[in-house]
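In this note's numbering, the protein residues as written are 14 to 243.
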């Protein structure tokens, strides 16, 4: 089987922004030496990111800086690569799908922030995704979500797609301290029983820090109102 995956990078060639895709499929490549993996980068990448002989890296420009370049990349450049390598499945983490290919596709969704004005997307990006996102969902053969609330929101808005939607297990970076329940720190002891707000910053959530701070402000207002009422 040939599996093509879009690997997004940050500001430096070895800064893997879509870490879920990178870690999952790098490990899969090691475990499944008989399969062929195509890692598609839209930015120059470090050779150290290719850790297995059955991974073929492909640098496919242009860099995805805006919605116009994304549309061109997904709908005109990507189909040629999928055809060239005869990919059986394509996986991405970018709320996008290729409408001009017959290759099976899996879309991994981290959020639906573009649906909200305060989600961090500019007006042009929001208009583009609102127009094309339903088409991308229909084109995708599978839709993976990072949490159940996101899955429920998708099912409510697009009930016909319910069978495509499945929950994925978040990736835990190597070296992360995963102590058992008895050894974990009790947050309630630290807060003295007071209300608290927790935002876990990971490779998947770091881009939503501003949105989390706005949510924290709303949280504080509700807590102050509740305290005054009591």
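Beta carbons: idealized from backbone N, C-alpha and C, even for Gly.
According to DSSP, residue 70 shares a beta bridge with 52.
For a cut-off of 8 Å, the C-beta gap from residue 63 to residue 52 is around 7 Å, short enough to register as a contact. Rounded to whole angstroms, the separation of the alpha carbons of residue 67 and residue 97 is 16 Å. For residue 15, the uninterrupted beta strand (DSSP E) run begins and ends at 15-19, by DSSP.
For residue 207, no alpha helix (DSSP H) encloses it, and the DSSP letter there is neither H nor E. Excluding residues up to 5 positions away in sequence, 80 lie with their Cβ nearer than 7 Å to the Cβ of residue 141 in the same chain. Taking one beta carbon from each stretch, the region 109-124 and the region 150-163 have 3 or more pairs nearer than 8 Å; the two touch. Looking from the CA of residue 113, the closest CA among 86, 36, 242 and 16 belongs to 86. Rounded to the nearest angstrom, the Cβ distance from residue 175 to residue 168 is 5 Å, consistent with a contact under 8 Å. The alpha-carbon separation between residue 49 and residue 25 amounts to approximately 26 Å. In this model, residue 159 and residue 181 are separated by some 5 Å (Cα to Cα).
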